[in-house]
Amino acid sequence: MFEGYSLAELGSIFAMQGFAGLILFSVFVLMALGLAIIFGQMGVINMAHGEFMILGAYVTYLCSNFISTYAPALFPAYFFIAMALAFLASGALGMLVEWGMIRFLYRRPLDTLLATWGLSLILQQVFRSVFGAREVGVVLPDWLMGSVAVTDTIEVPINGLFVMGLTMAITIVIYAVMFRSRWGQGVRAVMQNRVMAGAVGINTEKVDRYTFGLGCGIAGVAGSAFTMVGSTGPTSGQLYIVDTFLVVVFGGAQSLVGTIASAFTISQAQSTMEFFLSGSTAKVLTLLTVVVILMLRPQGLFVLKVRR
Amino acid sequence: MTRTPQSRLVGRIDGDIVGILLLAALLVIVLPLGLDIFRLNMVGKYLTYAFVALGLVLCWGSAGILSLGQGIFFGIGGYCMAMFLKLEASSPEATKIQSTPGIPDFMDWNQLKELPWFWEPFHSLTFATIAVVAVPALLAFIVGLAMFKRRVGGVYFAIITQAFAAILTILIVGQQGYTGGINGITDLRTLKGWDIRTDEAKLVLYFVNAALLIGCILLCLYVRRSKLGRILVALRDKEDRVRFSGYDVANFKIFVFCFAAALSAVGGAMFTLQVGFMSPSFVGIVPSIEMVIYCAVGGRLSLLGAVYGTLLVNWAKTMLSESFPELWLFAMGALFIGVVMVFPNGLAGLYQQFIAPRLRRTAAGRVDEAADAGAPIIPPHTAAD
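Protein sequences, first through last, are from chains A and B.
Residue numbers for the first sequence follow numbering that gives the first Met the number 0, so the first one is 0 and each next one is one higher.
Residue numbers for the second sequence follow numbering that gives the first Met the number 0, so the first one is 0 and each next one is one higher.
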């Protein structure tokens, strides 16, 4: 596998692939964080999570078209507007779904899985009817184009750097919201002991709705970031959903740190192997390793110790 | 449950057997008389999915284990059969224009020079037939052993089986030279010299398929009626109590998972025979979860319901995608949501709620309210833990 490469070449290959892995890592983290909040906090399996992400991506696409047509002066900054809109759109849809569907199914996790799968099919068809079956891409503003040459053999694209920075910022914000704010305290209280949280005066239904909305909103932001590195089609979300669930389960469903660590491991393993083996073999090996580890350690890498 | 188990059993034997006879009459007499061979072959194709749905009724409905990877077993069964048929179709005479005669055409296209070792045994029909059932059952056994012994269940099990479906699809698509890639194994011709592409062959295969299906329903009925079936239901509803009563819960789960896998594989093999090809598009995540909906629409607790549900959903799929392709996904999505939220017991539940009491009233000439209470209804806490 390593024959024919000198040590220096191997070094830069690992660096470049490592960087490509970091972009994958960013998308995984953003998607998985939302999923981890929803799955960890409510035990709801949201199979439509990928479609919430794609909704965010389409909102970004619309926004970029709208701004480049009507307000070209704002174009360099359109991404930030788009991101906020994507968050709101996905979050609002998420809250609507929670209100109309999920709240009746809290005690039947397997049924939420099927119902949200149905929702994902409907959303896919809506996307296909509205935006067409072809993939769409956004035009990046000038300052996101090009790449930075670190050494002669290592170059890193700017949009990748930007997505990574964004992921870091969002992760910090989520950390602050979940672990430093009063609202996050309420969410965690409901997660650990629903009945008791209700008894001390937390409106658990409201917390559920906003938590679901937050998770979906983060998926929308993930979709926004996704447009920077790939093009968007009606079924793009479905490609990521299984990987993302594995990321969440692998990390330990209720631990956000675990989610980030497992997203890092999986994305790095996959992109490093991709260079040496074919893409499909790399993916099979990664998934298989994760599944085997999960069989040996079903609770995932990081376990939140809660007395039930 | 107002009646004693004994009397309920006696009461249900009649009903189930009558139902199976009606289904048999529909499959063997009504449909062959009413449909031309093209449509009949299509029904035969739908019926192969019913094997999967039957397995899910036992695995998901009775035992509460939702597997989102039944397509794996359907696919492996189908591939085992397809490998045998493909080898027969690629005799050295038939493939003499290839650079390496005697190997399947897609291997030749992928510059393979000789038959891979795992293809060799598939020259034998006996081996292929055994493999159809044994390979999926073995795989299910390994997966089940690893997971159920560690008490992994519920949504985790569902996600991991789904991941397996994804892995297998990527593997099949990626290893073109060994598996035929995304196109699958196509151009299957004869079974021991008997051409399976003719209309007569399709008719014969349809009847074989229908007979096998009825046989499998009877087998499932037997399993459900046995003590084993009762333990399965018990562990679905209160797993810990069963464990504390001294049963090894994992073994029962492994058994039912393997049984469902073997059933799916039989369906897959019949699919290959009737349709004439097998491809990864029947293995992956999407077909696997669609197979769950066939079972759910029919009623996850009812064996016969699963067969009717499969027929109905597939018929609707064909009709809608022939005339309104863009409506199909909406309908499918609505079906998923509706079956979960509005009628969790599916067609069988509706039948038991609305039609069965009337039938009984007409038959007995009296209102039998007590019997209605005996209808199995999914308790709300079924999947809660």
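Ideal Cβ placement from N, Cα and C applies to all residues, glycine included.
Where residue i meets chain A, residues with beta-carbon distance less than 7 Å
{"i": "residue 145 of chain B", "result": "294"}
{"i": "residue 329 of chain B", "result": "121, 124"}
Interface residues of chain A facing residue i [CB-CB closer than 9 Å]
{"i": "residue 325 of chain B", "result": "124, 127, 128"}
{"i": "residue 408 of chain B", "result": "What the structure shows of chain B is the stretch from 0 to 384, and residue 408 of chain B is not part of that stretch, so it cannot be assessed."}
Cβ neighbour criterion (16 or more within 10 Å) applied to residue i
{"i": "residue 341 of chain B", "result": "exposed"}
{"i": "residue 68 of chain A", "result": "exposed"}
{"i": "residue 172 of chain A", "result": "exposed"}
{"i": "residue 383 of chain B", "result": "Note that residue 383 of chain B scores a pLDDT of 37, beneath 50, so its modelled location is shaky; the value from the coordinates is reported in the next line. Exposed is the call here."}
{"i": "residue 312 of chain B", "result": "buried"}
{"i": "residue 71 of chain A", "result": "exposed"}
{"i": "residue 252 of chain B", "result": "buried"}
{"i": "residue 8 of chain A", "result": "exposed"}
{"i": "residue 201 of chain B", "result": "buried"}
{"i": "residue 85 of chain B", "result": "buried"}
{"i": "residue 307 of chain A", "result": "Confidence is the limiting factor: at residue 307 of chain A the pLDDT is only 43, short of 50, which leaves the residue's position unreliable, though a coordinate-based value still follows. Exposed."}
{"i": "residue 287 of chain B", "result": "buried"}
{"i": "residue 296 of chain A", "result": "exposed"}
{"i": "residue 113 of chain B", "result": "exposed"}
{"i": "residue 202 of chain A", "result": "exposed"}
Residue i: contacting residues in chain B (beta-carbon distance under 8 Å)
{"i": "residue 103 of chain A", "result": "340"}
{"i": "residue 288 of chain A", "result": "Neighbours of residue 288 of chain A on chain B: none; closest Cβ ~11 Å, over 8 Å."}
{"i": "residue 100 of chain A", "result": "336, 340"}
{"i": "residue 297 of chain A", "result": "146, 149, 150, 151, 155"}
Top-ranked residue by Cα proximity to residue i, from the options
{"i": "residue 206 of chain B", "options": "B:18, B:24, B:59", "result": "B:24"}
{"i": "residue 240 of chain A", "options": "A:280, A:126, A:98, A:32", "result": "A:32"}
{"i": "residue 188 of chain B", "options": "B:74, B:103, B:19, B:178", "result": "B:103"}
{"i": "residue 46 of chain B", "options": "B:315, B:269, B:280", "result": "B:269"}
{"i": "residue 337 of chain B", "options": "B:297, B:50, B:306", "result": "B:297"}
{"i": "residue 166 of chain A", "options": "A:20, A:213, A:266, A:25", "result": "A:25"}
{"i": "residue 262 of chain B", "options": "B:15, B:43, B:48, B:22", "result": "B:48"}
{"i": "residue 334 of chain B", "options": "B:292, B:179, B:178, B:93", "result": "B:292"}
{"i": "residue 157 of chain A", "options": "A:170, A:238, A:292, A:140", "result": "A:140"}
{"i": "residue 59 of chain A", "options": "A:225, A:114, A:274", "result": "A:225"}
Limits of the unbroken beta strand (DSSP E) element including residue i
{"i": "residue 156 of chain A", "result": "154-156"}
{"i": "residue 148 of chain A", "result": "146-148"}
Partner residues on chain B for residue i, Cβ-Cβ distance less than 7 Å
{"i": "residue 116 of chain A", "result": "288, 335"}
{"i": "residue 241 of chain A", "result": "161, 162, 165, 284"}
{"i": "residue 248 of chain A", "result": "155, 158"}
{"i": "residue 244 of chain A", "result": "158"}
N-terminal and C-terminal residue of the alpha helix (DSSP H) that residue i is part of
{"i": "residue 244 of chain B", "result": "Residue 244 of chain B -> no alpha helix (DSSP H), and no H or E assigned at all."}
{"i": "residue 201 of chain B", "result": "198-224"}
{"i": "residue 48 of chain A", "result": "48-69"}
{"i": "residue 237 of chain A", "result": "235-250"}
{"i": "residue 104 of chain B", "result": "104-108"}
{"i": "residue 280 of chain A", "result": "278-295"}
{"i": "residue 82 of chain B", "result": "69-88"}
{"i": "residue 127 of chain B", "result": "124-147"}
{"i": "residue 40 of chain B", "result": "36-55"}
{"i": "residue 257 of chain A", "result": "255-275"}
{"i": "residue 322 of chain B", "result": "302-322"}
{"i": "residue 100 of chain A", "result": "No alpha helix (DSSP H) holds residue 100 of chain A; DSSP gives it neither H nor E."}
{"i": "residue 213 of chain A", "result": "203-228"}
Minimum Cβ-Cβ distance from residue i to chain E less than 8 Å
{"i": "residue 318 of chain B", "result": "As a matter of chain content, chain E is missing from the structure shown, whose protein chains are A and B."}
Closer than 8 Å at the beta carbon, the chain A residues around residue i
{"i": "residue 203 of chain B", "result": "Under the 8 Å cutoff, chain A gives no residues; its nearest Cβ is about 37 Å from residue 203 of chain B."}
{"i": "residue 169 of chain B", "result": "279, 282, 283, 286"}
{"i": "residue 291 of chain B", "result": "113"}
{"i": "residue 295 of chain B", "result": "113"}
{"i": "residue 65 of chain B", "result": "109, 112"}
9 Å Cβ cut-off: residues of chain B touching residue i
{"i": "residue 141 of chain A", "result": "Correct list: empty, because the minimum Cβ distance to chain B is about 38 Å."}
Mind checking the stretch 203-237 of chain A against chain B and listing, in chain order, the residues whose C-beta falls within less than 9 Å of any C-beta there? 237
Using a Cβ-Cβ cutoff of 8 Å, what residues of the stretch 4-36 of chain A are near chain B? List them in chain order. none
Using Cβ-Cβ distances below 7 Å, what residues of the stretch 129-160 of chain B are close to chain A? 145, 146, 149, 151, 153, 154, 155, 157, 158, 159
Short of 7 Å Cβ to Cβ, which residues in the stretch 233-263 of chain B face chain A? none
Could you please tell me which residues of the stretch 169-192 of chain B, in chain order, have their CB closer than 7 Å to any CB of chain A? 169, 170, 172, 173
Quick one: which residues of the stretch 37-53 of chain A get their C-beta closer than 9 Å to a C-beta of chain B? List them in chain order. 38, 42, 44, 46
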